[in-house]
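What follows is a short report on a single structure.
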Amino acid sequence: MRLTVAQALLRFLANQWSERDGVERRLIAGVFGIFGHGNVAGIGQALAERGAGTGDALPYYLARNEQAMVHTAVGYARTLDRLSTFACTTSIGPGATNMVTGAALATINRIPVLLLPGDVFATRVANPVLQELEDPRSFDVSVNDALRPVSRFFDRINRPEQLPSALLAAMRVLTDPAETGAVTLALPQDVQAEAWDWPEELFARRVWHVARPVPEPAALERARTLLRSSSRPLIVAGGGVIYSGACAELAEFAEEYGVPVAETQAGKGSLRHDHPCNVGAIGHTGTAAANALAREADLVIGIGTRYSDFTTASRTLFGQARFLNVNVAAFDAAKHAGTMLVADAREALRVLGPDGWRAAWTFARPERAVLEGFTQAVVLDAVNDAVGEDGVVVNAAGSMPGDLHRAWRAAGPHSYHVEYGYSCMGYEIAGGLGVKLAAPEREVFVLVGDGSYLMMAQEIATAVQEGVKLIVVLVDNHGFASIGGLSEAVGARRLGTAYRARGASGGLDGELLPVDLAANAASLGADVLRAGDRAELVSALVKAREATRTTVVYVRPEPGSGVGASAWWDVPVAEVAENPEAREARVRYEEAKREQRIYL
10 MRLTVAQALL RFLANQWSER DGVERRLIAG VFGIFGHGNV AGIGQALAER
60 GAGTGDALPY YLARNEQAMV HTAVGYARTL DRLSTFACTT SIGPGATNMV
110 TGAALATINR IPVLLLPGDV FATRVANPVL QELEDPRSFD VSVNDALRPV
160 SRFFDRINRP EQLPSALLAA MRVLTDPAET GAVTLALPQD VQAEAWDWPE
210 ELFARRVWHV ARPVPEPAAL ERARTLLRSS SRPLIVAGGG VIYSGACAEL
260 AEFAEEYGVP VAETQAGKGS LRHDHPCNVG AIGHTGTAAA NALAREADLV
310 IGIGTRYSDF TTASRTLFGQ ARFLNVNVAA FDAAKHAGTM LVADAREALR
360 VLGPDGWRAA WTFARPERAV LEGFTQAVVL DAVNDAVGED GVVVNAAGSM
410 PGDLHRAWRA AGPHSYHVEY GYSCMGYEIA GGLGVKLAAP EREVFVLVGD
460 GSYLMMAQEI ATAVQEGVKL IVVLVDNHGF ASIGGLSEAV GARRLGTAYR
510 ARGASGGLDG ELLPVDLAAN AASLGADVLR AGDRAELVSA LVKAREATRT
560 TVVYVRPEPG SGVGASAWWD VPVAEVAENP EAREARVRYE EAKREQRIYL
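The opening residue of the sequence shown carries number 10 in the working numbering; numbering runs sequentially from there.
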């Protein structure tokens, strides 16, 4: 079958399927792309020729920013438990490097996404081409090599004959729960257009079976022995619980053995918020109830978590506890010198509990706070009510993730979608678009601060173009509220964290900028509603739910509306400083550091 490399690539991708528990779905749901001289004559021509969504062709979506389209693919894949994703194609140069941030986000969060950046000529006959990086050390280097450290698999296709093996390797990584992340196939633009005679077997329907590794018997017995010796265990439920579809098994285990469950950002929703064993968020942004239990626990059972510094409060939270780590990835299962149980979370929970054992302590769930005024916490509480049982909340960066982690009442898995592995400003709207594409039957509420909005709001236009409805709650804090508070805490005096004009002093301390973000959202095609208090917000959210188009609800809450932290986070403070705030912060920092430990 004589096809160009780009034509063969798309024909192959259209016939790849994932399977888990007998359910098959397309592995590559479609292609997001922005075209330029590095991919328009290759992948662009191939998409146009195959109808870009007609028949057995892959649907094509036009994004506004290359980083954003990777975020959309991540939101989509996470919503579908990593069983399906999108491919993202770009030109060479800035189009390709724009994807580096998205690739890092995908790999850090263990989410599959396929990246297809254009590259310079493999033949080198026209070099240097437009946008080419010339490295005097080697002609084999291009800007796409910046994607190597943030990709779980990277290959450059310099000859058509290399494509089949690279494609098979790429699909293996995309469907491996322990290895998945960003997968990059760099495609020189001349090779994309080159024809070759392909074996028809390459384009046969291929099903990739997503494994559920079961516990090794000896490791399972070691884990049970550790459980039997524990009287105050605490489960830390991470994203792996949700990706594995193990929420029912987690609830059954916690109820049968009387074990409290605390949740990471990715694991929030593993248990319903009102489940009697759910003690809320864990770590720096955790509830007082969960963190009190963490300090007294003699065993931490980490299930599907990678133990970020927010989860462990920078290794100050878990006292003298031992660790039992259930994880599909050995890399994460080995952390904190824990007893390793390398297995799928669902399969492990079904067999983990020892006969006759039960935890020997009592615990209480966190109470709902009483809120007043029109603070950010009040805004989030009103949105929580509007989301209800069937909606999804999407967020990523700033002060809101902490408030959400601590106070959000999650109805279940996939109702809470906060990207906090990379905490990437600008993820929210693009990621929300991916969530909605994966779950069109659900109302998707995107919570975004003004800082994140100004970094990447343009995918509102993509949502409008595709007729995909989002409810965007735009919270205007006049700057970076989260970093402003952190800056003040470490003695940096909120430098560069407020959106103000340059004042008479020469600093950025003048009048608030006359920026109208609501008008900006309207210019991108969204309907806009403004709310000045809780009653107006509730009314606007009702209207937004009833709407059929993307709607932005714009609010300006009272300043200083964070709900505070109940555990430490290690952010180094200047060891010497002239200003007294920094010197005082250094004293507090050194006191907190004394509680930090290395788990051996």
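Beta carbons: idealized from backbone N, C-alpha and C, even for Gly.
For residue 390, the uninterrupted alpha helix (DSSP H) run begins and ends at 385-396, by DSSP.
Beyond the five residues adjoining it in sequence on each side, residue 498 comes within less than 7 Å, by CB distance, of 594 in the same chain, given in chain order. Under the three-state reduction of DSSP, residue 274 is assigned to coil, being neither helix nor strand.
Put simply, the backbone Cα of residue 492 is about 19 Å away from that of residue 522. For residue 507, the beta-bridge partners assigned by DSSP are 488.
The three-state secondary structure of residue 433, taken from DSSP, is coil. Around residue 567, the same chain offers 382, 383 and 384 as residues with beta carbons nearer than 7 Å, after the five sequence neighbours per side are excluded. A direct Cα-Cα distance of roughly 24 Å separates residue 249 from residue 78. Excluding five sequence positions before and after residue 393, the CB atoms of its chain that fall closer than 7 Å to its own CB belong to 417 and 418, given in chain order. Rounded to whole angstroms, the separation of the alpha carbons of residue 424 and residue 469 is 21 Å. The segment 298-316 and the segment 390-408 do not touch, with fewer than three beta-carbon pairs separated by less than 8 Å. When C-beta atoms of the segment 469-483 are compared with those of the segment 547-564, three or more pairs fall below 8 Å, so the two segments count as touching. Counting along the chain, the unbroken alpha helix (DSSP H) around residue 228 starts and ends at 226-237. Where residue 69 is concerned, the enclosing beta strand (DSSP E) starts and stops at 69-71. In terms of CA proximity to residue 285, 265 leads the group 399, 542, 265 and 321. At the C-beta level, residue 101 and residue 53 stay beyond 7 Å of one another. Look at residue 286 here: in three-state DSSP terms it is coil, with no helix or strand label. The alpha-carbon separation between residue 334 and residue 353 amounts to approximately 11 Å. Residue 126 is bridged by DSSP to 99. The C-alpha of residue 363 lies about 11 Å from the C-alpha of residue 231. Here the segment 194-202 does not lie against the segment 216-229, with fewer than 3 beta-carbon pairs under 8 Å apart. Here residue 106 carries a helix assignment [DSSP, helix/strand/coil]. By the neighbour-count criterion, in which 16 or more other beta carbons inside 10 Å mark a residue as buried, residue 585 falls on the exposed side. Contact annotation, residue 123 with residue 94: C-beta distance approximately 6 Å; criterion of less than 8 Å satisfied. Exposure of residue 148 is indicated by the presence of fewer than 16 other C-beta atoms within 10 angstroms of its C-beta.
For the pair residue 75 and residue 108, the CB atoms are nearer than the 7 Å cut-off. Among the bridge pairs identified by DSSP, residue 480 is matched with 454 and 560. In this structure, 530 is the residue among 588, 530 and 410 with its C-alpha nearest to the C-alpha of residue 465. Cβ neighbours of residue 189 within its own chain (closer than 8 Å, five residues either side excluded): 91, 119, 120, 121, 161, 182 and 183.
Scanning its chain for C-beta atoms nearer than 8 Å, with the 5 sequence neighbours on each side dropped, one finds around residue 214 the residues 24 and 26, in chain order. Restricting attention to 325, 308 and 137, the CA atom closest to the CA of residue 331 is found in 308.
Leaving aside the five residues that flank residue 117 on each side, the residues in its chain whose CB is nearer than 7 Å to its CB run, in chain order, 430 and 431.
For residue 19, the three-state secondary structure derived from DSSP is helix. Rounded to the nearest angstrom, the Cβ distance from residue 287 to residue 270 is 6 Å, consistent with a contact under 8 Å.
With a cut-off of 8 Å on Cβ pairs, the segment 317-326 is in contact with the segment 291-299, counting three or more such pairs.
Residue 242 carries a strand assignment under DSSP once its states are collapsed to helix, strand and coil.
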